[in-house]
Structure formats: structure tokens, C-alpha cells
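Colleague: For the sequence shown, the working numbering assigns the number 128 to the initial residue and increments by one for each residue that follows.
In this text, a Cβ means the ideal position worked out from N, Cα and C, and glycines have one as well.
All values reported here derive from a predicted model rather than from experimental measurement.
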Amino acid sequence: MSDPDTSTEALVCSARGCQAPAGWSLRWNNPRLHQPERRKTWLACDAHRSHLGDFLTARGFLREVAPLAESPTLEE
Ligand SMILES: [Zn+2]
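#1: Who does L152 pair with in a DSSP beta bridge?
#2: Work out the CA separation of G187 and D181 for me, nearest whole Å.
#3: Under 8 Å: does the beta carbon of A174 sit that close to some heavy atom of ligand 1?
#4: Whose CA, out of R190, H178 and L170, lies closest to the CA of W155?
#5: Taking 8 Å as the cut-off, is the CB of A171 close to at least one heavy atom of ligand 1?
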């Protein structure tokens with residue numbers, strides 16, 4: 128089983144169909160699916176950071192947004 132979130136490929140935006148290099152890490156948690164301390168990570172390019180952030184914010188899932196430069200090690 129491989130999880131696409133932990134791919135070691137080049138870090139690209141998680142937005143559907145977008146192949147742009149990611150500059151942002153969006154940490155989110157769905158309280159109905161995940162333990163409270165669990166974080167899922169979406170990567171976003173500059174163009175999609177607000178789009179993906181709005182999507183997560185609207186659902187109450189967004190926890191943190193960090194520049195990728197400050198989180199070189201991707202965590203689950
Ligand atoms: Zn993008």
C-alpha cells in the first residue's frame with residue numbers, strides 16, 4: 128500500500144490537475160475521520176494556496192498553513 132501523500136516525487140501542488148511546484152503546506156484534520164492530533168498535508172502552489180485553504184476552512188478542517196521552506200520534512 129502506498130500513500131500518495133508520502134510520495135518522494137517532486138513536491139507538486141495537490142490541486143486537481145495542477146503540476147506546479149508547491150510552495151505551501153496546508154495541514155488539516157477531519158475530526159470525523161481523524162484523531163485530533165492527526166494531520167493530513169496538502170501541498171499548494173501560490174495560485175492554489177487560497178483555493179485549497181478556502182476549501183478546508185469552509186469545512187472547518189484547516190489547522191495550519193506553512194511555507195514549505197520551513198517544513199522540509201513532510202509528515203503524514
Ligand atoms: Zn496549484
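Modeller: Concretely, from the data shown:
#1: Locating residue 152 in the sequence shown gives position 25, counting from the first residue. Reading off the sequence, residue 152 comes out as Ser, not Leu. According to DSSP, S152 shares a beta bridge with L170 and A193.
#2: For the purposes of this step, residue 181 is identified with residue 54 of the sequence shown, where counting begins at 1. For the purposes of this step, residue 187 is identified with residue 60 of the sequence shown, where counting begins at 1. Their backbone Cα atoms lie some 10 Å apart in a straight line.
#3: Sequence index remark: in the sequence shown, residue 174 carries index 47 (1-based). Yes, the beta carbon of A174 sits closer than 8 Å to at least one heavy atom of ligand 1.
#4: On the sequence shown, residue 155 is found 28 positions in, with the first residue counted as 1. Ranking R190, H178 and L170 by Cα distance to W155 puts R190 first.
#5: Within the sequence shown, numbered from 1, the residue matching residue 171 stands at position 44. Distances from the CB of A171 to the heavy atoms of ligand 1 include at least one below 8 Å.
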